[in-house]
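Colleague: In this text, residue positions in the sequence shown follow UniProt numbering: the first is 1, and each later residue adds one.
Just so you know, even glycine gets a beta-carbon here, dropped at the ideal spot from N, CA and C.
This one's a predicted model, so the numbers in the text were calculated from it and none came from an experiment.
First the structure, then my questions, so here it is.
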Amino acid sequence: MDQFTADPTARVFNGKVYVFPSHDIVQPDGEGRAEWFNMADYHVFSSENLTDWTDHGKILDQKDVPWADSKAYSMWAPDAISKNGKFYLYFPTRLKEAGDGEKGFSIGVAVANRPEGPYKPQPNHIEGVEGIDPNVFIDKDGQAYLYWSRGKIYGAKLKDNMLELDSKAKTFNEIPQKGHIEGPFVFERNSTYYMTYPHVANNTERLEYSIADNPMGPFTHQGVIMDESASGTWTNHHSVVNYDDQWYLFYHDNDLSPDFDKNRSIRADSLFFVENGNIKKVIPTKRGVGITSSTSEIQIDRYSEKGNYGAEAVFLDRLDPFQGWKVVLNKPDAWIRYNRIDFGSKKSKNVKIRARSLTGGTVALKLTGENAKKLAEINIQKGGNWDVFSVPIKFDITAVQDLIVQLQSGEGVEVDWIQFDK
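In structure tokens:
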């Protein structure tokens, strides 16, 4: 929420999920490319609960890569993998004195002793690789493979040092060729190898997949993982990871930059398989993944579901999207649902709500399912300024619950967050 991130590769290291995204920035004065992607460095983020994330800071900068154009702002989609006690960051960028287009790109490797870095770039890029979007897959026998794209998808074996190719590059011509294709990501499940990729089948990129019985194919096209973005964002770029026996899809959209889709933000949603191994299509949600503590400021604008009318999420400040969003409840009975709130074992006493309304109104908080009863009613006083209102809750509540926030009376009530006190 304090920077633009895209192209997320999620990996599990040391019992945590680490996400290695690219880092979109606003075009620097006099440098970079106008109305295009500008990326100068990489950060890495980690989490144990998929809700609270730590930014470990910058792990690699374009000016530190010996073979790269230090002012290309082309540190595009990365990947990271662990082998032999080391951590390897694979990244594409433009070569010194390269021409335009993807032919000017190669892929380099930076090595670290910890997933958080620091990462030291190798003096040269990988010989025999021209293109972008590196992805590394290590099979059960320990053999590592590198995949990348340049109009088509390519792949080759890696040597045990993880720095050089160990076979000739193969072109995966069996992958659909009509329309732009890029961003390969390969994973294995139940001895089936899934090649996943963004593909422009119509107007913008959607996520698709093919399967094979070995990492080098041939792959058979199966279907769509995620449809084109409803926002019209032209790109999507993703990864698939299993954490605590649940599969997740990490991807991106333009949530924090709705007017410019070259400044993107990563998202995550749960991913499921049907009985025959096919991937069930992922429907994007605002809520995403993870369980939210009841004692945190619950950002209900990232709702799981809303009623058919009268509820919407908009920016707190259109001129500063990094402040986040608010929910506007415009009509009586308008509601939203926020799922997976952990109330723990200790009983909550009060609930606080940061809200405002020009005309005033009453907001009701309810649980769902068998516990569908009213937790509290909060009167939002008339006035245009934000304020925090607090009331006791009416009954004891523990464990993980879904919460409904409903406008009971009035109109135009804006809610920023809700928080429970123990």
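If we count Cβ pairs, one from each stretch, closer than 8 Å, do we get three or more for the segment 382 to 400 versus the segment 303 to 313?
Modeller: no
Colleague: Mind checking whether residue 366 and residue 336 have CB atoms under 7 Å apart?
Modeller: no
Colleague: Can you give me the start and stop residues for the beta strand (DSSP E) that residue 195 sits inside?
Modeller: For residue 195, the enclosing beta strand (DSSP E) covers residues 192 to 199.
Colleague: Could you check whether residue 133 and residue 149 sit closer than 7 Å to each other, using their CB atoms as the reference points?
Modeller: yes
Colleague: So residue 39 is in the beta strand (DSSP E); what residue range does that whole segment cover?
Modeller: Residue 39 -> no beta strand (DSSP E), and no H or E assigned at all.
Colleague: Hey, how far is the Cα of residue 218 from the Cα of residue 166?
Modeller: One C-alpha to the other measures close to 19 Å.
Colleague: If I measure Cβ to Cβ from residue 169 and keep anything under 6 Å in the same chain, skipping five residues before and after, which residues do I get?
Modeller: 154, 156
Colleague: Since residue 20 is in the beta strand (DSSP E), which residue starts that stretch and which ends it?
Modeller: 16 to 22
Colleague: Just checking, does the segment 343 to 363 make contact with the segment 407 to 422 on the three C-beta pairs under 8 Å criterion?
Modeller: Taking a contact to require three or more Cβ pairs closer than 8 Å, the segment 343 to 363 and the segment 407 to 422 qualify as touching.
Colleague: Residue 250: buried (16+ other C-beta within 10 angstroms of its C-beta) or exposed?
Modeller: buried
Colleague: Consult DSSP for residue 28 and reduce its assignment to one of helix, strand or coil.
Modeller: coil
Colleague: Just mark residue 112 as buried or exposed, buried being the case when its beta carbon has 16 or more other beta carbons within 10 Å.
Modeller: buried
Colleague: Take residue 340 as the anchor and find which of 179, 351, 316, 368 has the nearest alpha-carbon.
Modeller: 368
Colleague: Figure out for me which residue from 32, 57, 13 has the closest Cα to the Cα of residue 48.
Modeller: When 32, 57, 13 are compared, the shortest CA-CA separation from residue 48 is found for 13.
Colleague: Assign residue 406 to one of three DSSP states: helix, strand, or coil.
Modeller: strand
Colleague: Looking at residue 215 and residue 205, is the spacing between their C-beta atoms short of 7 Å?
Modeller: Residue 205 places its beta carbon 7 Å or farther from that of residue 215.
Colleague: Taking just the CA atoms, how far does residue 229 sit from residue 260?
Modeller: In this structure, the alpha-carbon of residue 260 lies about 14 Å from that of residue 229.
Colleague: Tell me the DSSP bridge mates of residue 87?
Modeller: Partner(s): 82, 112.
Colleague: For residue 64, which of helix, strand or coil comes out of DSSP?
Modeller: helix
Colleague: Quick check: what's the CA-CA separation for residue 234 versus residue 35?
Modeller: 13 Å
Colleague: In chain order, which alpha helix (DSSP H) runs of at least 4 residues are fully inside the segment 333 to 393?
Modeller: none
Colleague: Evaluate residue 81 with the Cβ neighbour count: other Cβ atoms within 10 Å of its Cβ, from every protein chain shown; 16 or more gives buried, anything less gives exposed.
Modeller: buried
Colleague: Comparing C-alpha positions only, which one of 263, 304, 417 sits nearest to residue 326?
Modeller: 417
Colleague: Leaving aside the five residues before and after residue 43 along the sequence, list all residues of the same chain whose C-beta is less than 8 Å from its C-beta, in chain order.
Modeller: 3, 5, 21, 23, 55, 56, 57, 58, 59
Colleague: Just to check, is the beta-carbon of residue 116 closer than 6 Å to a non-hydrogen atom of the ligand ATP?
Modeller: In the structure on display, the ligand ATP does not appear, and there are no ligands present to speak of.
Colleague: Please name the residue, chosen from 262, 388, 253, that lies closest to residue 32 on a Cα-to-Cα basis.
Modeller: Nearest of 262, 388, 253 to residue 32, Cα basis: 262.
Colleague: Judging by CA-CA distance, which residue of 196, 213, 243 is the nearest neighbour of residue 224?
Modeller: 196
Colleague: Would you kindly work out how many angstroms separate the C-alpha atoms of residue 373 and residue 398, rounded to a whole number?
Modeller: 14 Å
Colleague: Between which two residues does the beta strand (DSSP E) harbouring residue 240 extend?
Modeller: 239 to 243
Colleague: Could you have a look at residue 57 and say whether DSSP puts it in helix, strand or coil?
Modeller: strand
Colleague: Check residue 323 in the structure and name its three-state DSSP category.
Modeller: DSSP places residue 323 in helix when its eight states are reduced to three.
Colleague: With a threshold of 16 other CB atoms inside 10 Å of the CB of residue 386, please say whether the residue is buried or exposed.
Modeller: exposed
Colleague: Is residue 104 helix, strand or coil by DSSP?
Modeller: Residue 104: helix per DSSP, three-state reduction.
Colleague: Taking residue 168 as part of the beta strand (DSSP E), name the residues at either end of that continuous run.
Modeller: Careful: residue 168 lies outside any beta strand (DSSP E) and carries neither H nor E.
Colleague: With distances taken from CA atoms, which of 191, 394, 392, 141 is nearest residue 276?
Modeller: 191
Colleague: Report buried or exposed for residue 292, applying the criterion of at least 16 other Cβ atoms within 10 angstroms of its Cβ.
Modeller: buried
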